[in-house]
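Going down the list, the protein sequences come from chains A and B. Be aware that the first sequence starts at 1, since it is given in the working numbering, and climbs by one per residue. Be aware that the second sequence starts at 1, since it is given in the working numbering, and climbs by one per residue. Ideal placement from N, C-alpha and C gives every residue a C-beta, glycine not left out.
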Amino acid sequence: GAGVSQSPSNKVTEKGKDVELRCDPISGHTALYWYRQSLGQGLEFLIYFQGNSAPDKSGLPSDRFSAERTGGSVSTLTIQRTQQEDSAVYLCASSITPYYEQYFGPGTRLTVT
Amino acid sequence: AQKVTQAQTEISVVEKEDVTLDCVYETRDTTYYLFWYKQPPSGELVFLIRRNSFDEQNEISGRYSWNFQKSTSSFNFTITASQVVDSAVYFCALSEPEALGKETSGSRLTFGEGTQLTVNP
Chain A
1 GAGVSQSPSN KVTEKGKDVE LRCDPISGHT ALYWYRQSLG QGLEFLIYFQ GNSAPDKSGL
61 PSDRFSAERT GGSVSTLTIQ RTQQEDSAVY LCASSITPYY EQYFGPGTRL TVT
Chain B
1 AQKVTQAQTE ISVVEKEDVT LDCVYETRDT TYYLFWYKQP PSGELVFLIR RNSFDEQNEI
61 SGRYSWNFQK STSSFNFTIT ASQVVDSAVY FCALSEPEAL GKETSGSRLT FGEGTQLTVN
121 P
């Protein structure tokens, strides 16, 4: 079956611009997660959705970062006024329920110039 | 404090050698979950195994095996008769349902720094 998909696969943006990253989880998966991977910081948790609610947003690095999930499915991660330190690979994952294995998408590579 | 430690940053072996990747974790929870993921050069994280804290039975899946020891807080991963296709970065991860309240953070994964495994022909 279809796995987790993310778009775009690559995004180059200028410092100060806003970007939106999209995640389509595996159908039927109630839990959705965003992580980011960068050379200096490894794999970091950003936010967790159960259904359309985000019980845990504690990993978002600043108020420039926000995310939403609609219809218990698609999620969008928005970064406002991008900074160079936002450059990373943003990974989305989903699991059928919390605590079960998370399946990851291919990621969006964000480069802020 | 580092919750998941993968002390081996890089390992290089010759094909057909056995190799063990170490993972040591730290938690105060009695219920927790441990995972291993593989990240090949293509970049996508691939799920390998999930283990809950109440199941210390070792697991074998083909050439892969996992040794979970609560007494030493370790969850080590062994690849038997390694192959070139095993070359990847391997991550160990921890999920702690009780850490911040089961309703909120229980699901998040805390990853180790990863071990880059290179299998040479």
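Cα separation between residue i and residue j?
i	j	result
residue 104/A	residue 4/A	6 Å
residue 61/A	residue 16/B	43 Å
residue 70/A	residue 12/B	45 Å
residue 118/B	residue 84/B	8 Å
residue 14/B	residue 81/B	9 Å
residue 71/B	residue 93/A	31 Å
residue 64/B	residue 79/B	5 Å
residue 57/B	residue 69/B	9 Å
residue 22/B	residue 25/A	31 Å
residue 87/A	residue 18/B	37 Å
residue 35/B	residue 47/B	8 Å
residue 4/B	residue 26/B	6 Å
residue 84/A	residue 29/B	37 Å
residue 74/A	residue 33/A	11 Å
residue 90/A	residue 50/A	19 Å
residue 58/A	residue 47/A	7 Å
residue 42/B	residue 8/B	22 Å
Kindly indicate which residue of the options has the alpha-carbon position closest to the one of residue i.
i	options	result
residue 99/A	51/B, 37/B, 40/B, 78/B	51/B
residue 31/A	67/A, 112/A, 96/A	96/A
residue 31/B	97/B, 112/B, 56/B	97/B
residue 66/A	72/A, 112/A, 18/A	18/A
residue 115/B	28/B, 25/B, 107/B, 37/B	37/B
residue 6/A	12/A, 23/A, 16/A, 13/A	23/A
residue 122/B	5/B, 40/B, 25/B	Residue 122/B falls outside the range modelled here, since chain B spans only 1 to 121, and no answer is possible.
residue 101/A	121/B, 120/B, 49/B, 60/B	49/B
So residue i packs on residue j, CB below 8 Å; how close in whole Å?
i	j	result
residue 66/B	residue 54/B	In fact, because the Cβ distance is near 15 Å, the residues do not count as touching under 8 Å.
residue 124/B	residue 88/B	This structure cannot settle anything about residue 124/B, because the visible part of chain B is limited to 1 through 121.
residue 91/B	residue 62/B	Actually they are not in contact, since the Cβ atoms of residue 91/B and residue 62/B sit about 20 Å apart, beyond 8 Å.
Check whether chain A comes within 9 Å of residue i, counting only Cβ atoms and requiring the distance to be less than that.
i	result
residue 109/B	yes
residue 94/B	no
residue 34/B	no
residue 112/B	yes
residue 10/B	no
Comparing the C-beta of residue i with each C-beta of chain B, is any distance below 9 Å?
i	result
residue 104/A	yes
residue 24/A	no
residue 65/A	no
residue 8/A	no
residue 59/A	yes
residue 89/A	yes
DSSP has residue i in a bridge; who is on the other side?
i	result
residue 54/A	Partner(s): none; residue 54/A has no beta bridge.
residue 38/B	46/B, 90/B
residue 60/B	65/B
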